[in-house]
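Shown next, in structure tokens, is the structure this report addresses.
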Amino acid sequence: MVQFKDIGNGFSVFLCLCQPKPQNAVTIAVSSRTLFNMVAERKIFVDEGVEKYVAFQVEHENDPLKPGPAFPFVKALMNVNTRLRNLYPDSEELFDIVLMTNNHAQVGVRLINSINHYGLTIERFCMTGGKSPIGYLKAYMTNLYLSKSADKVTEAIEEGIAAATVFMPKQENDLSDTQLRVAFDGDAVLFSDESEIIVKKHGLDTFFEHEKKFENQPLAQGPLKCFLEALGKLQRKFYAKNERLNCPIRTFLVTARSAASSGARVLKTLRSWGLEIDEALFLAGAPKGPLLQKIRPHIFFDDQMFHIEGANELGTISAHVPYGIGQNAPLKKTLEFSLRILQYVW
Amino acid sequence: MVKMSLDAVQVMSGQVKELKVSPSSNGDARGSWEGKEEFDPNQLELTAKPKPPKPENAVTVAVSSRVLFRTEREQKVFEQKGVEEYLRYQIEHENEPFAPGPAFPFVKALEAVNTRLRELYPQSEELFDIVLVTYNHAHVGIRLINTINHHNLFIERFCMTGGSSPIGYLKAWHTNLYLSADAEKVREALAEGIAAATMFMPEKLTEVSESQLRVAFDGDAVLFSDESERIFKTHGLDKFFEHEKENEDRLLDHGPLKGFLEALGKLQKKFYAKGQRLDCPIRTYLVTARSAASSGIRALKTLRAWGLEIDEALFLAGAPKGPMLEKIRPHIYFDDQMFHVEGAAEMGTVAAHVPYGIAQKYSSQQKMSSGK
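If you're matching them up, the sequences are chains A and B in order. Position 87 (the first sequence) corresponds to 88 in the working numbering; numbering is contiguous. Position 144 (the second sequence) corresponds to 179 in the working numbering; numbering is contiguous.
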């Protein structure tokens, strides 16, 4: 964070609260379109071309952009950082937010102005001017990458980086100012998609039998397991200072699995990884939307667009993890009937 | 790279034979989660499990872990030694199933009804759906799952809230009835408009039917509002009789459990439609302290106006409810007054307290004045 301290006689001193080193911090990379709402600007880019787009941005340099879908999430991360700094003033184990954008450097001024307008602490920028951000993500030791571009997210996941495509709901639920709440789907997000493969190929009953048989064998990990791990590590710092009841990070598992038939393997896997999850909801196929509406997470990760759209409809900010066998093309209303049949199976 | 440290629970758990603790691999390697071998489904013996219904179609009954199972010992560990010791204890005894709790026979009976409903209406989703809603931490989940499977229950939906209030989730599940051991939570649920009751474990349990679900209700402040009880408590019995006679044709307002009786009635009608009235696996009872001739008509007329049938109606005119209930042998009995709940429990009936209405104020006053 940059602060200017007035030392009188018209001089100011430039104070910099140091940013953590990437290897110590939990690094979250966000794209400009997830941090801010740039729908109108995007339209200009798509319809009228890059020159008009850049000109527009430069013209409106001093107009702050409106918040985008990842904005509440980033604000919540900063809040956790404040609490961490209170308890551990010398530690570098904090959240570090990097802005990773394809945008041209000219647009940078508007982005910086917007960031300062909202009082965000984002000191690290990568304006790649069109190049792929994947190399930079690795260099920053990124723990999570959020973008609007499904292609970039898919590339990131293939390179082993936790990533998701974020979607903005039409009306947003009120979210907590004091506690970061993150909800995860189970299969193909925290865990691998091995179980979903069995359901899709052999049906639900085979799946239940398989899960019972292999109850004590942990599932393989999925793309977002490491991010949950990073969250858990920070949570334990609060527990160590007796702040368990007041912990500003809360994690949720919201899975379509059935508890008695297939839940034990999930819980045992989490335990064998040494990961705790605060709340576990086994839905046995019930729709996720209403429960997420009660949970009010700052972000919800799922691998199936069906659930993402269901969550969005009821005001939850959702992020799609394009991994595993559950990938369908984004559904239109006319396809809803066939998707209901798919859900019947799963 | 950020290295993950083992926390105490994992070390203590003793369940972990080999630690699959892989360091964070972000960006280091291609996703290590690819490339699992195919498996052969013919190795497994398959038994078909029915699919759980959608919440809005089903009659959803939410139970807490403390009423479904007997967890007094674990509760003591939690209260005396704190949460970490409690979690450790649960993990240690993970493969020991809990003993059945007060709501256990009720849940078994609900499943018996479901089996009959599925036989008659194989495609319908109008069934009972049981959700386990508990304050418990996810670590305890495994013991709960093991116990559920040991007793052959069919509970697939869990809400493990890890300490935060479960009331918000009840609405999302379209809960028709919430049973808990904690009076505070039950009061909260009632305030949100959800039928709820606090359950107590009786010292001895009378045997109940395995093939027919029997539910008994008190009248005032349970099925009906507490307006009549107010008159009785402020002006006395005679005023109460007069008032009821005068207002015979005016319907009573509904009470917290009217919705649940309605849901039961809807399922009963499905059996009647298939000519199974004599063999219906759901039976409802009204067990009220009202006097039939002096104040009974208004109750019956109200039920009729609501389109609700009750199978058996017992007007006790003040006689103790315990002996009657012992004969009825319901799986659960709802009453708003602790006096009646305790009387029923003494004689072996599983009774649930509905903390609604004016009787709550009076009972706490009595307790204070008698120095209990």
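All C-beta atoms, glycine included, are put in the ideal place defined by N, C-alpha and C. Only a predicted model underlies this, so the values are computations on that prediction, with no experimental measurement involved.
Query	Result
Whole-number beta carbon distance between leucine 299(B) and threonine 323(B), since they are thought to touch under 8 Å	Rounded, the Cβ-Cβ distance is 17 Å, inconsistent with contact.
Closer than 8 Å at the beta carbon, the chain A residues around histidine 174(B)	Leu268, Arg272 and Glu277
First through last residue of the alpha helix (DSSP H) which encompasses threonine 182(B)	176-185
For phenylalanine 104(B) and proline 135(B), believed in contact at Cβ under 8 Å, the rounded distance	7 Å
Below-7 Å beta-carbon distance, leucine 176(A) vs any chain B residue	no
Start-to-end residues for the alpha helix (DSSP H) that takes in tyrosine 124(B)	118-127
Aspartate 253(B) versus Pro90(B), Lys293(B) and Glu129(B), residue with shortest Cα-Cα distance	Lys293(B)
Range covered by the alpha helix (DSSP H) that runs through cysteine 227(A)	226-241
Cut-off 8 Å between Cβ atoms - residues of its own chain near aspartate 194(A), not counting five sequence neighbours on either side	Asp188, Gly223, Asp304, Tyr324, Gly325, Ile326 and Gly327
Min CB distance proline 134(A) to chain B below 7 Å	no
Length of the line joining the Cα atoms of alanine 386(B) and threonine 233(B)	9 Å
Local conformation of proline 135(B) per DSSP, three classes	strand
Nonlocal neighbours in the same chain, by C-beta distance under 6 Å from leucine 225(B), ignoring five residues either side	Ala231, Pro291 and Tyr391
Length-filtered (4 minimum) alpha helix (DSSP H) runs lying within the stretch 235-298 of chain A	260-273 and 290-296
Start and end residues, alpha helix (DSSP H) containing asparagine 313(A)	306-314
Beta carbon of glutamate 279(B) nearer than 7 Å to that of arginine 339(B)	no
CA nearest to the CA of phenylalanine 96(A), picked from Glu124(A), His308(A), Gly161(A) and Ile296(A)	Glu124(A)
Neighbour list for glutamine 294(A) in chain B, Cβ cutoff strictly below 8 Å	Ala207
Bridge partners - phenylalanine 168(A), DSSP secondary structure assignment	Ser319(A)
Residues that leucine 349(B) bridges to, as DSSP identifies them	Val322(B)
Backbone secondary structure at leucine 138(A) - three-state DSSP	helix
Inter-residue spacing [alpha-carbon to alpha-carbon] between proline 90(B) and proline 157(B)	17 Å
Cβ contact (3+ pairs, closer than 8 Å) linking the stretch 174-184 of chain B and the stretch 245-264 of chain A	yes
Limits of the alpha helix (DSSP H) - the one that serine 263(B) falls within	262-270
C-alpha gap between proline 1(A) and cysteine 248(A), whole angstroms	The shown model of chain A, from 2 to 347, leaves out residue 1(A), and the question about it has no answer.
Check whether alanine 256(B) and aspartate 371(B) have beta carbons under 7 Å apart	yes
Contacts around asparagine 280(A), its chain only, beta-carbon distance under 8 Å, and the 5 residues preceding and following it disregarded	It is worth fixing the name first, because residue 280(A) is glutamate in this sequence and not asparagine. For glutamate 280(A), where only same-chain residues beyond five positions count, the Cβ hits under 8 Å are Arg251, Thr252, Phe253, Leu254 and Ile296.
Residue environment, histidine 118(A), which counts as buried when at least 16 other CB atoms sit within 10 Å	exposed
Reduced DSSP category for arginine 111(A) - H, G, I as helix; E, B as strand; rest coil	helix
Rounded separation between alanine 327(B) and phenylalanine 350(B) - CA only	6 Å
Straight-line gap, serine 99(B) to lysine 201(A) (C-alpha atoms, nearest Å)	33 Å
Burial state of threonine 83(A) (16 or more Cβ within 10 Å)	exposed
Through-space distance from asparagine 92(B) to leucine 287(A), alpha-carbon basis	According to the sequence as given, residue 287(A) is alanine; it is not leucine. The alpha-carbon atoms of alanine 287(A) and asparagine 92(B) are separated by roughly 11 Å.
The stretch 205-219 of chain A in contact with the stretch 237-246 of chain A per 3-pair CB rule at 8 Å	no
Cα-Cα separation, alanine 157(A) to valine 110(A)	27 Å
Min CB distance tyrosine 204(B) to chain A below 7 Å	yes
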